[in-house]
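Here the structure comes first, spelled out in structure tokens, and everything after it is commentary.
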Amino acid sequence: MPTIFTVIAVLLLTFDSLHGQDVILEKSPVENIKLPPGPMGLTFGKANHLSTFGIDRVGCSALPGSSGPTCNPYTGDTLCSLLRPVLCVKVDNSPRPPYLVLGTGAAMPAYFYAGWNRGHIATTLPVQGFQFANRAAVNAFCTMYFGSGWVVATFHDGKYIAGMNGTTYSASSWALNAALIQTGGWNYYSYGDVRNDTRFWIHIQGQPANCWNP
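Under mature numbering (1 follows the signal peptide of the UniProt record, and there is no 0), read the sequence shown as residues -20 to -1, 1 to 194, first letter to last.
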């Protein structure tokens, strides 16, 4: 937690005789005052890699971190002054591989939390979140690293079709039912094999949880 040192003048009266006059000596002890943390940004982590399909699952509750949710899509979860890679994505409308949707869900059905991002992910070198003025600057950073079409990943990149699981609504069936595609959140799958030793800066729309302006 950041601290500053504030000098609080405390007068300690010490009387001594110097040419018949009293001398006042002053001492200034130091007190530590704790300040609130700085601005926070939103991060995802990598949960696992499915080598059969060449895909990663990334999301809020993914490691590294404690068990349970480790992101905050409402106010941010990581100090913007810290170094984290940017999670970049390129959407090329790749059809969903036949991965299994596990679990029973929570407020929403399980497939809401296991969406498909329709493309690929990659990570940059670590950077401070507050170095970007806005989302466009983060997008440009991803483009600089990986080329045209690459932009910063977002909290709602995951897409789903109700009832998808395994081969149901995968491959050609996914494309043929594109009109049924909806937007999920919190976690998603993507082609890629990103690092799993740190969390990544991502963007969220409509919430004050970014290190940069919208």
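Glycine is no exception: its CB is placed at the ideal position from the N, C-alpha and C atoms.
- Listed in chain order, the non-local C-beta contacts of L80 below 7 Å within the same chain comprise N145, G146, local neighbours out to five positions each way being set aside.
- Closest option to I161, judged by alpha-carbon separation, among R76, C191, Q111, A113: R76.
- Burial check for N114: the Cβ neighbour count within 10 Å stays below 16, so the residue is exposed.
- Judged by DSSP in its simplified three-state form, T84 adopts coil rather than helix or strand.
- Remark: C-beta atoms of C51 and F110 do not approach each other more closely than 8 Å.
- Taking the CA atoms as reference points, F180 sits about 32 Å from N157.
- The C-beta distance from T134 to I101 rounds to 11 Å, too long to fall under 8 Å, and the pair is not in contact.
- CA-CA distance, P17 to G34, rounds to 39 Å.
- Annotation: the continuous beta strand (DSSP E) that includes R37 extends over 35 to 39.
- Just measuring C-alpha positions, the residue of S150, Y169, R98, G165 sitting nearest Q185 is G165.
- One thing to note: R175 has its Cβ no nearer than 8 Å to the Cβ of T104.
- Going by beta carbons, V38 and V131 fall outside the 8 Å limit.
- In terms of Cα proximity to G95, the closest of S170, P19, T178, Q187 is S170.
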